[in-house]
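Participant: Each residue of the sequence shown is one higher than the last, beginning at 1 in the UniProt record's numbering.
The structure under discussion is supplied below as structure tokens; questions concerning it will follow.
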Amino acid sequence: MNRYVVLQQLGDGTYGSVVLAQRRDTGEKVAIKRMKRKYYSWDEAMNLREVKSLKKLNHANIVKLREVIRENDTLYFVFEYMRGNLYQLIRDAERAFPEPVLRNIVYQVLQGLAHMHRHGFFHRDLKPENLLCAGPELVKIADLGLAREVRSRPPYTDYVSTRWYRAPEVLLHDTRYGAPIDLWALGCIMAELYTCRPLFPGNSEIDQLHKICAVLGTPDRDDWPEGYVLADALRFRFPSSAGVPLARVVPSASPPALALLTSFMRYAPRDRPTAPQALRFPYFAVGAALVVPPPASRARRSAARGETENLAEHARSPTTTAPLHAAIQPPPPHLRDRFADILGGEVVHEA
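This is the structure:
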């Protein structure tokens, strides 16, 4: 830890605290997570889910773990530092953002999820606070403390996901859920990006299910018989509701956006698209290329010129260009300062 100077506290959670620090030799800012429990061996530390997942995942849209330090039986994770997240972006917005900006955000989250799922992990706690931003052209999935290996054996009994973004099968205490819960969460986030308010702001698990049914309607027993089995086990009865068209709930979304959103909001997990399937939806087929994050060498040159504080390293990260993706348009004038403040730099989200 002698290589770093601590600048300020960023957050404190159940499992760890996070500080902003700076490398003594390069001046680079990083976020360091200090775990609260003691780790008496490297083997014990390396078995942490977050370490196992981040060691295997190297992608431009997943936050980069720079190094793991164990000192005096205390474990430290050193991450690239980012100053903004989608929660802050949504909270501070005065109006909905242009669809090309939102399309780019959704595209990048799907790219990160596709990489995670392809390498055998699903996130389990996707929410705006866990999507970090370094400019509207760069979004990264963070906080993989709850990530699970797809091949790990259910049942899963520990707490997963913030309630507002929790899939119906998780709300009904299904212990055999999988990667589709990440696509449900992304659907909730996508709707929130368009409206700047949560799609299903339930105040309990039961209220959450009622709010979902109020929008999507009562699930069809034939389409999702497993859901009714889960509900019966909990003695829960789905409320009778015809639902509301998503076009009324998210009025600023284009028809292709609504088609993608509808696909995410399927009760039966098997009916939701995989991340690669979602990337092929017409929503992304608008005729121009995706803005790809710059390589590390360019980021360092930009930093030297004072153009950016700390763009993430992508020298070894796979970046994929969507051949038909919309180019990013500049934000409207009334939001340019907010983009500069929130997205222009970099955040860490604690575990």
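Positions of the beta carbon are idealized from the N, C-alpha and C atoms, including for glycine.
(1) What's the gap between the Cα of residue 3 and the Cα of residue 276?
(2) Can you tell me which residues form a DSSP beta bridge with residue 85?
(3) Checking 8 Å against the spacing of the C-beta atoms, do residue 15 and residue 36 come in under that value?
(4) Residues in its own chain within less than 6 Å of residue 352 by CB, not counting five upstream and five downstream?
(5) In the structure shown, what three-state DSSP assignment does residue 16 receive?
(6) Could you check what DSSP says for residue 60 in three-state terms: helix, strand or coil?
(7) Between residue 210 and residue 163, what straight-line distance do the alpha-carbon atoms span, to the nearest angstrom?
(8) Measuring CB atoms only, is the region 39–52 touching the region 62–81, in the sense that at least three cross pairs come out at less than 8 Å?
(9) Check the DSSP bridge columns for residue 21 and list the partner residues they point to.
(10) In this structure, does DSSP put residue 250 in helix, strand or coil?
(11) Using beta-carbon positions only, say whether residue 104 and residue 137 come within less than 8 Å of one another.
(12) Please confirm if the region 176–187 is in contact with the region 214–222, defined as three or more CB-CB distances below 8 Å between the two stretches.
(13) Is the separation between the beta-carbon of residue 132 and that of residue 82 shorter than 8 Å?
(14) Could you check where the alpha helix (DSSP H) with residue 103 kicks off and where it finishes?
Facilitator: On the basis of the supplied data:
(1) 40 Å
(2) 132
(3) yes
(4) Residue coverage of the chain in this structure runs from 1 to 351, which leaves residue 352 outside it and unanswerable.
(5) strand
(6) coil
(7) 13 Å
(8) yes
(9) 6 and 30
(10) coil
(11) yes
(12) no
(13) yes
(14) 99–118
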